[in-house]
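Per our numbering, the sequence shown starts with residue 44, numbered consecutively. Even glycine gets a Cβ: it sits at the ideal position worked out from N, Cα and C.
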Amino acid sequence: MDEITLLGAALPDAPPPTPEAVARARARLTAHGVRRRRHPTWTLIIGASMATAAVITAVALAATLLAPAPPSVLETPKTGEHLLRELADRVEKLSPGTGAYWRVQGTRVNRYAVGTGPTRYWIASRGEVRQWTPRKPGALYVQETELSGIRPDTPRDEKIWRKQGSPDRWRLPKCESSSPPCAPTALADKRSRREYRIMGDVPDPGLGGLTIAELDALPTDPARLRERLEGYRKAEQKRGLKRSWEEFLKAAVRDMTVTPVSPGLRAALLRLYVEQPGAEVAREDSDPLGRPAIAIDLETKGYFQLGTRMVPITKEILLDPRTGEGMAERSVTTDAEGGFPKGTVAHYVVVEKMGWTDERPKLPSGCRLKAGVTCR
Numbered sequence: 044m045d046e047i048t049l050l051g052a053a054l055p056d057a058p059p060p061t062p063e064a065v066a067r068a069r070a071r072l073t074a075h076g077v078r079r080r081r082h083p084t085w086t087l088i089i090g091a092s093m094a095t096a097a098v099i100t101a102v103a104l105a106a107t108l109l110a111p112a113p114p115s116v117l118e119t120p121k122t123g124e125h126l127l128r129e130l131a132d133r134v135e136k137l138s139p140g141t142g143a144y145w146r147v148q149g150t151r152v153n154r155y156a157v158g159t160g161p162t163r164y165w166i167a168s169r170g171e172v173r174q175w176t177p178r179k180p181g182a183l184y185v186q187e188t189e190l191s192g193i194r195p196d197t198p199r200d201e202k203i204w205r206k207q208g209s210p211d212r213w214r215l216p217k218c219e220s221s222s223p224p225c226a227p228t229a230l231a232d233k234r235s236r237r238e239y240r241i242m243g244d245v246p247d248p249g250l251g252g253l254t255i256a257e258l259d260a261l262p263t264d265p266a267r268l269r270e271r272l273e274g275y276r277k278a279e280q281k282r283g284l285k286r287s288w289e290e291f292l293k294a295a296v297r298d299m300t301v302t303p304v305s306p307g308l309r310a311a312l313l314r315l316y317v318e319q320p321g322a323e324v325a326r327e328d329s330d331p332l333g334r335p336a337i338a339i340d341l342e343t344k345g346y347f348q349l350g351t352r353m354v355p356i357t358k359e360i361l362l363d364p365r366t367g368e369g370m371a372e373r374s375v376t377t378d379a380e381g382g383f384p385k386g387t388v389a390h391y392v393v394v395e396k397m398g399w400t401d402e403r404p405k406l407p408s409g410c411r412l413k414a415g416v417t418c419r
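Structure (structure tokens):
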């Protein structure tokens, strides 16, 4: 798993892992047993801002007071490939960070539509996750989680919720016969105390399974990097996991957004990705916190219950337009259905803080820093 996946999986109501993720984990464990993990990957938690306006007003100093005002200039929208190449150019100029731990802090939000017609509203479960991955080989990994319960998603939703008596339990409706089946789902507003899990050996297939030292050793030249990654992909094939180069690369790009890779390696991965089908749909967007971002559609498909139907969704990652690091990952509907527009957000993980730090995890009194220990 990567950081984002770990962030989501740490929460009880997170969607189950995909069959592909299960197959990757089984293949890795069968061949090598449990692998020591020394860093997080997406594969959340997960910003600098970047101007995204399409209309630019030309500003110039007049040569004389009588000089005419400069005309407005319409900038041609940038293609997805152009956005990603520019991002790679910016990223490779950054300096690597330093610190004892790679810290990723974020929040996962799962949204549910309850009720029908004008009385329908959204509720959302929220959980906070903070992960500490040590730079030092052999040191322990700490994951903190805390659930803040289920509440109305927006002020409008809260208004409808209060009119209905402020319930703290909900049951999603049965799906129509014309819809893919959906399991009966009951939800309750339950909170939890902060939990601390101390881990040593954590199985983690894919690019996210490499140690920090192995990541540091990867070449930053795109051609040489592809050759090295192809070697990892072929090793996967021998263990029974069949993935095309495009599939493998997308997983690697997803991992690198929250993994402690160097700016040079992140830039090289972006340059490899921009040559693949699908890069052209990258676009300027905003993350769930309203921060400017570059969105990439991972083309990872699934389903989400909206009202009485299971509707198709796709997964997107949102990159910081300055650093290329992951700001968020979200699942959105691919079609308009049941009164909900295309692009309706089903669930997301947003990264609030990520990077190297010399801060250390603060465990509760009496909690031992020992692998396998869980404290509250």
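Among the options, nearest to residue i - alpha-carbon criterion
i              : options                           : result
glutamate 380  : Gly350, Leu406 and Glu289         : Gly350
histidine 390  : Ser168, Gly140 and Gly123         : Ser168
glutamate 290  : Thr343, Ser191, Arg154 and Arg178 : Thr343
isoleucine 356 : Glu318, Leu130, Ser222 and Lys385 : Lys385
proline 331    : Arg154, Val147 and Arg128         : Arg154
proline 335    : Cys225, Val324 and Thr366         : Thr366
glutamate 273  : Leu362, Arg178 and Trp288         : Trp288
isoleucine 241 : Arg199, Tyr275, Cys218 and Glu187 : Glu187
threonine 150  : Met397, Leu406 and Glu402         : Met397
aspartate 378  : Phe347, Trp399, Ser221 and Gly160 : Phe347
tryptophan 399 : Met370, Thr387, Arg297 and Thr176 : Thr176
lysine 202     : Tyr164, Met299 and Ala229         : Tyr164
serine 374     : Leu126, Asp401 and Val393         : Val393
tryptophan 213 : Thr159, Glu189, Ser221 and Arg282 : Thr159
Status (buried if at least 16 other CB within 10 Å, exposed otherwise) for residue i
i             : result
arginine 67   : Summary for arginine 67: the model assigns pLDDT 49, below 50, so the residue's position carries little reliability; its value from the coordinates is reported in the next sentence. With 16 or more other Cβ atoms within 10 Å, it is buried.
glycine 170   : buried
alanine 101   : Legend: pLDDT at alanine 101 = 28, less than 50; position of this residue unreliable, no value from coordinates given.
serine 408    : exposed
alanine 325   : buried
proline 223   : exposed
glutamate 270 : exposed
alanine 322   : buried
glutamine 280 : exposed
alanine 414   : exposed
alanine 295   : buried
threonine 417 : exposed
lysine 293    : buried
alanine 156   : buried
threonine 387 : buried
Run of the beta strand (DSSP E) containing residue i, from where it starts to where it stops
i             : result
glutamine 348 : 335-349
aspartate 259 : Segment 255-260 is the alpha helix (DSSP H) holding aspartate 259; no beta strand (DSSP E) there.
glycine 192   : 184-195
glutamine 174 : 164-177
glycine 386   : Taken as a continuous stretch (DSSP letters only), glycine 386 belongs to no beta strand (DSSP E), as it is neither H nor E.
aspartate 232 : No beta strand (DSSP E) holds aspartate 232; DSSP gives it neither H nor E.
Expected contact under 8 Å - CB spacing of residue i and residue j to nearest Å
i             : j              : result
glutamate 359 : isoleucine 337 : Incorrect: roughly 10 Å between the Cβ atoms, too far for contact.
tyrosine 144  : arginine 178   : 7 Å
alanine 131   : alanine 310    : 4 Å
Endpoints, the alpha helix (DSSP H) within which residue i is located
i             : result
glycine 307   : 306-316
aspartate 206 : The sequence shown places lysine at residue 206, not aspartate. 198-206 is the extent of the alpha helix (DSSP H) around lysine 206.
Paired residues, beta bridge with residue i - DSSP
i             : result
alanine 156   : Trp165
aspartate 328 : Ala336
arginine 403  : BP columns for arginine 403 are empty, so no partner.
threonine 417 : Arg240
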